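Under numbering that gives the first Met the number 0, the letters of the sequence shown match residues 0 to 364, in that order. Ideal placement from N, C-alpha and C gives every residue a C-beta, glycine not left out. The model shown is predicted, which means the values in this text are computed figures rather than measured ones. I have placed the structure first, in the form of structure tokens, so that the comments after it can refer back to it.
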Amino acid sequence: MSSTLYSLHVDLPSGGIDRSYPIVIGHGVLGDGEGFAELLGDSPVVLVSNDTVAPLYMSRVRDALGKGRKVTEVILPDGEDQKHLESANQIWQKALEDHHERRSVFIALGGGVIGDLTGYSAACFLRGVDFIQLPTTLLAQVDSSVGGKTGVNHPLGKNMIGAFHQPRAVLIDLDSLKTLPDREFAAGVAEIIKYGCIWEPDFYHWLLQNSDALLTRNNDVLAEAIHRSCGIKAAVVAQDEREGGLRAILNFGHTFAHAIEHVMGYGVWLHGEAVACGMVMAAKISAARGQVSEDMVTGLISFLEAFGLPVEPPPAMSAEVFLNAMAGDKKVLRGKIRYVLLERLGCACLVEDVTTEEINQILMK
Ligand code: NAD
Ligand code: GLY
């Protein structure tokens with residue numbers, strides 16, 4: 000049995016065709032045969048997952064897709080280090096061998112790695128087929144599955160090859176979080192509090208008040224946190240699908256985070272862990288500029304620490320190390336590093352004038 004708790008839409012400027020799509024949040028969604036039938040009609044499917052998630056959820060989805068449907072399964076090895084063009088090639092190879100066509104739909108069952116990879120594979124296959132996101136990590140449910148950024152890593156940089164390709168639907172099954180390890184869960188929480196910081200002070204305060212319930216994965220609190228996060232991401236993406244401006248605020252904490260991930264080696268810190276630390280750094284600079292209160296920074300730190308998230312960068316990372324690493328980031332524009340700071344709680348701003356001195360100051364605090 001499936002039950003939908005929330006349903007919302009990502010409304011996109013039409014460009015002649017309706018590209019808006021639903022985000023459904025509920026229990027039992029992965030096994031909802033009627034839901035899939037409504038979305039897919041009789042379309043053939045390429046179902047992509049990895050060898051951690053597939054044993055847990057693949058058969059449930061397979062059954063829900065129905066016996067009469069052509070389904071090609073692709074199960075890749077788990078890991079960020081598999082998010083490369085050769086994995087996309089494996090998906091294309093299987094899809095071609097099974098004679099998939101333009102009306103075929105790719106389905107991503109897994110975390111952000113599988114979502115980004117499957118979305119990119121769909122964007123390129125036969126010059127573009129539809130895909131559906133079935134995100135099974137908290138991070139993927141509140142962030143990567145929504146908004147149409149797809150891609151793979153290149154030896155010279157993370158997410159450097161990609162395409163904007165919006166999914167046909169995002170179906171979030173809260174039940175899938177039951178098997179998610181604590182560390183991965185916490186990484187998703189970091190992205191959730193980000194939305195409160197940059198967009199909605201009420202949500203920020205609500206999260207601080209409900210942190211104990213969130214920590215124990217209370218169903219109602221978790222569902223509401225995911226719903227409110229997706230709502231904010233949908234609103235931002237609807238206004239700026241291709242990151243011409245506003246969407247960059249979603250990178251709050253990410254400039255510092257990417258530097259940490261790059262210097263430490265990808266996977267040593269989870270992305271959400273690096274984002275947690277990066278948000279604290281950005282909040283501290285905002286506080287030093289008098290834009291948010293010291294209390295706000297303290298509250299953010301306590302919240303993140305309760306989930307075991309790091310709030311300080313690795314000791315080896317000096318301001319110079321940060322600046323060198325950040326200079327190679329995608330967020331560099333005309334040679335200048337762009338930072339997302341808080342103009343006030345709930346309102347983010349993009350700046351380029353953060354000085355080495357300011358970074359030194361917060362590293363000493
Ligand atoms: P991930 O996909 O590697 O998943 C984390 C781990 O959890 C993996 O080992 C995975 O197999 C496992 N897992 C997934 N679901 C599970 C479940 N229900 N139960 C047990 N284990 C489960 O990592 P992630 O944090 O989901 O995503 C990170 C990726 O997302 C990065 O590649 C990042 O670049 C990308 N990303 C993309 C966007 C975007 O807008 N497209 C945004 C943020 C992050
Ligand atoms: N995760 C940032 C974005 O989707 O723009």
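Contact annotation: the region 216–224 does not touch the region 297–316, with fewer than three C-beta pairs closer than 8 Å. Restricting attention to beta strand (DSSP E) runs no shorter than 3 residues, the region 136–189 encloses them at 148–153, 156–163, 168–172, ordered along the chain. Where Ile74 is concerned, the enclosing beta strand (DSSP E) starts and stops at 70–75. In this structure, the alpha-carbon of Val353 lies about 8 Å from that of Tyr338. Taking non-hydrogen atoms of ligand 2 into account, the C-beta of Arg246 is found less than 6 Å away from one of them. Taken from the Cβ of Lys148, at least one heavy atom of ligand 2 lies inside 6 Å.
Secondary structure of Asn359 (DSSP, three-state): helix. If you draw a straight line from the Cα of Val279 to the Cα of Glu100, it comes to about 47 Å. In this structure, DSSP gives Gln132 an extended state, which the three-state scheme calls strand. Here Tyr265 is bridged, per DSSP, to Trp268. Cβ contact annotation for Ala36 (same chain, cutoff 7 Å, sequence separation greater than five): Gly65, in chain order. For Pro21, the three-state secondary structure derived from DSSP is strand. For Leu249, the distance from the CB to the nearest heavy atom of ligand 2 is below 6 Å. In the pairwise beta carbon analysis, the region 254–272 is classified as not touching the region 232–242: fewer than three pairs are separated by under 8 Å. Using a Cβ distance threshold of 7 Å, Leu138 and Gly187 count as a contacting pair. In the three-state scheme derived from DSSP, where H, G and I count as helix and E and B as strand, Leu344 is classed as coil.
The beta carbon of Tyr5 lies closer than 6 Å to those of Ile24, His226 in the same chain, with the five residues before and after it left out. Of the candidates Leu39, Val291, His270, Ile231, the residue whose Cα lies closest to the Cα of Val128 is Leu39. Inter-residue distance for Thr135 and Gly109 is about 5 Å (C-alpha atoms, whole angstroms). Contact between Ala63 and Gly32 is confirmed by a C-beta separation of about 4 Å, below the 8 Å threshold.
When the five nearest sequence neighbours on each side are left out, the beta carbons in the same chain lying within less than 6 Å of the beta carbon of Ile191 are those of Val141, Ala224, Ser228, in order along the chain. Linking Trp205 to Leu95 through their CA atoms gives a straight-line distance of about 49 Å. For Asp115, the number of other beta carbons within 10 angstroms of its own is at least 16, and it is reported as buried. With a cut-off of 8 Å on Cβ pairs, the region 246–253 is in contact with the region 271–278, counting three or more such pairs. Shown here, Ala315 sits in coil according to DSSP, grouped into three states, outside any helix or strand. By the Cβ neighbour-count rule, Ile16 is exposed, with fewer than 16 other Cβ atoms within 10 Å of its own.
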